[in-house]
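A.B. asks:
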Amino acid sequence: PGTYAFTGARQAGVVTPAQDRLYLAAFDVTTDSRDELVALLRRWTTIAARLTQGLPAGPFGAASGPYDAPPDDTGEAADLPPAGLTLTFGFGRSLFVGTPAPDGTPGTDRFGLADRLPGGLVALPHFPADALDPARSDGDLVVQACADDPQVAVHAIRNLSRAAFGAATIRWTQLGYGRTSSTTTAQRTPRNLFGFKDGTANVKAEEPDALDEHVWVPASAADDDTADGVDSAWLTGGTYLVARRIRMLVETWDRTSLREQEALVGRNKGEGAPLSGGTEFTEPDFAATGRADAPLIATNSHVRLAHPDQNDGVRMLRRGYNFTDGNDSLGRLDAGLFFLAFVRDPRTHYVPMQNRLSGQDGLMEYLQHTGSGLFAVPPGVPDGALVLGPDGT
Ligand code: HEM
63 PGTYAFTGAR QAGVVTPAQD RLYLAAFDVT TDSRDELVAL LRRWTTIAAR LTQGLPAGPF
123 GAASGPYDAP PDDTGEAADL PPAGLTLTFG FGRSLFVGTP APDGTPGTDR FGLADRLPGG
183 LVALPHFPAD ALDPARSDGD LVVQACADDP QVAVHAIRNL SRAAFGAATI RWTQLGYGRT
243 SSTTTAQRTP RNLFGFKDGT ANVKAEEPDA LDEHVWVPAS AADDDTADGV DSAWLTGGTY
303 LVARRIRMLV ETWDRTSLRE QEALVGRNKG EGAPLSGGTE FTEPDFAATG RADAPLIATN
363 SHVRLAHPDQ NDGVRMLRRG YNFTDGNDSL GRLDAGLFFL AFVRDPRTHY VPMQNRLSGQ
423 DGLMEYLQHT GSGLFAVPPG VPDGALVLGP DGT
């Protein structure tokens, strides 16, 4: 559909069918006042509810209202449909406990939130071969805007950023295109910039049990926290968002044989079938062997190392996008996968898998992780909690 409800038990933008375009922004909160932070989140809530319904950011819109004041909407989406816009909000660890100094001195809890820090909102470890740029990493707040029109997604972030003036500034952003995952069985599987189908074995919206087991934060997670004086019950029914900007060295990849490409992924390039045989949705058979008893799905292949069989049964809901941010001084594309995944606890559902992949995945020769963020994504704004008047205010 062209419009998704903003309110509901969950935030939109997780199991909502992945739109074609992404604009994601991480913010630093610049005020030290808890009241101003609360006021910002309230403003954002109202504006997000309006924008997702195709309304301008403010009641007057771009071209009416007081003539001697700046318009309350920037205007570039005025004639565009909502294009399936979803806005998904999350909180970084630094919002709760500040940012530690390089010498390890703990950060400051500016807003009195340390006793609300959810257990899974950890400082991610340094993974093998990480080449993270601090200017593309972390942040106190995150907003994921997804839409089928990039102008609609950018308009949303621009107007939210404008409403944040004096309270928060943009730390980094990422534009993405060509969703690299399917989140419902109704979507065909898209391809990443290596040319392979991506999202085949994703957790899909039609699997409520798997979502409960792997994506939504259970009430029991808050009980664990309460034991040590922290109460994160507010995150029950929410999720965590892992963001990794992964540069793909496409020029090197493009000089690699088809045989090698398929061996590194563990699936064929044409239809995405596992190398153990069958079609796209056939389960991979990791025990199957070929000539000289070599496994048909290589031990260093991405699919083997990322499969639940190798990861204590964990799965994740991947919702990433391709990106191309110009080129470097050698004329190589600065392109890759902006990996986004929603998980119920990064400690069990992300960190061990990333360690395994960064250390053993044959694809790593062609990859470089250049940005990183981890955010707690609260559940939705309940229906009825936000009443928009006839003009949407
Ligand atoms: C599967 C590519 C990074 C986790 C796949 C597949 C491809 C792929 C082609 C097979 C199709 C599918 O089931 O979706 C890539 C590329 C990456 C990348 C090009 C980097 C640029 C990651 C990262 C993680 C990850 C960082 C997690 C830490 C997974 C998982 C699966 C998967 C869980 C499904 C495995 C299964 O159940 O069979 N990926 N991936 N991928 N990938 Fe990645």
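The numbers in UniProt numbering rise by one with no breaks, and the one at position 104 of the sequence shown is 166. Positions of the beta carbon are idealized from the N, C-alpha and C atoms, including for glycine. This structure is a prediction, so every number in the text was calculated from the model and none was measured.
1. Nearest by alpha-carbon distance to Val100: which of Lys331, Leu379, Ala226 is it?
2. Mind checking whether Arg83 and Ala209 have CB atoms under 7 Å apart?
3. Which word fits Tyr66, buried or exposed, when buried means at least 16 other C-beta atoms lie within 10 angstroms of its C-beta?
4. For Asp260, is the beta carbon positioned less than 6 Å from some heavy atom of the ligand HEM?
5. If you compare alpha carbons, which of Leu297, Pro270, Asp290 is closest to Ala281?
6. Are there any heavy atoms of the ligand HEM lying less than 6 Å away from the beta-carbon of Val91, as far as the coordinates show?
7. Is any non-hydrogen atom of the ligand HEM found closer than 6 Å to the C-beta of Ile308, if you look at the structure I gave you?
8. Are there 16 or more other CB atoms within 10 angstroms of the CB of Pro452, so buried, or fewer, so exposed?
9. Can you tell me whether Thr150 is buried or exposed, with buried defined as 16 or more other CB within 10 angstroms of its CB?
10. Would you mind stating whether Thr245 and Ala267 have Cβ atoms separated by less than 7 Å?
11. Go ahead and label Leu392 buried or exposed: buried means 16 or more other beta carbons lie within 10 angstroms of its beta carbon, across all protein chains shown.
12. Alpha carbon to alpha carbon, how far is Ala125 from Phe131? Give it in angstroms, no decimals.
13. Return yes when at least one heavy atom of the ligand HEM lies under 6 Å from the C-beta of Met426, else no.
14. Along the chain, where does the beta strand (DSSP E) containing Gly430 start, and where does it finish?
15. If you count every other CB in all the chains shown that lies within 10 Å of the CB of Asn221, and 16 or more means buried, which is it?
16. Given that a residue counts as buried once 16 or more other Cβ atoms are within 10 Å of its Cβ, and exposed if not, what is Arg381?
17. With DSSP collapsed to three states, give me the class of Leu84.
18. To the nearest angstrom, how far is it from the Cα of Gly120 to the Cα of Thr92?
19. Would the beta-carbon of Gln422 be found less than 6 Å away from any heavy atom of the ligand HEM?
20. What I want to know is whether the C-beta of Phe400 ends up closer than 6 Å to one or more non-hydrogen atoms of the ligand HEM.
21. Once the 5 residues before and after Pro414 are set aside, which same chain residues still bring their CB inside 7 Å of it?
22. Hey, would you say Tyr302 sits closer than 7 Å to Val405, going by beta carbons?
23. Answer with buried or exposed for Phe343, where buried requires no fewer than 16 other C-beta atoms within 10 angstroms of its C-beta.
C.D. replies: So, from the listed chains and residues:
1. Nearest of Lys331, Leu379, Ala226 to Val100, Cα basis: Ala226.
2. Yes. Within cutoff.
3. By the neighbour-count rule (16 or more Cβ atoms within 10 Å), Tyr66 is buried.
4. Yes, since a heavy atom of the ligand HEM falls inside the 6 Å radius drawn around the Cβ of Asp260.
5. Closest by C-alpha distance to Ala281, out of Leu297, Pro270, Asp290, is Leu297.
6. Checking the Cβ of Val91 against the ligand HEM gives no.
7. Yes - the ligand HEM has a heavy atom lying nearer than 6 Å to the Cβ of Ile308.
8. Reliability of the predicted coordinates at Pro452 is poor, the pLDDT of 48 falling under 50, and the value obtained from them is presented with this limitation in mind. With fewer than 16 Cβ atoms within 10 Å of its Cβ, Pro452 is classed as exposed.
9. Buried.
10. Between Thr245 and Ala267, the CB-CB gap stays under 7 Å.
11. Exposed: under 16 other Cβ atoms inside 10 Å.
12. Reading off the sequence, residue 131 comes out as Ala, not Phe. Straight-line Cα distance between these residues: approximately 11 Å.
13. Incorrect: Met426 has no Cβ contact closer than 6 Å to the ligand HEM.
14. The identity of residue 430 in the sequence shown is Gln, whereas the question assumes Gly. For Gln430, the enclosing beta strand (DSSP E) has its first and last residue at 429 to 439.
15. The Cβ neighbour count for Asn221, taken over all protein chains shown within 10 Å, is at least 16; the residue is labelled buried.
16. It is buried - the Cβ of Arg381 has at least 16 other Cβ atoms within 10 Å.
17. Here Leu84 sits in strand by DSSP.
18. Cα atoms of Gly120 and Thr92: separation of roughly 23 Å, rounded to the nearest angstrom.
19. Outside the cutoff, so no.
20. The closest heavy atom of the ligand HEM lies 6 Å or more from the beta carbon of Phe400.
21. Around Pro414, the same chain offers Asn373 as residues with beta carbons nearer than 7 Å, after the five sequence neighbours per side are excluded.
22. Cβ atoms of Tyr302 and Val405: closer than 7 Å.
23. Burial call: exposed.
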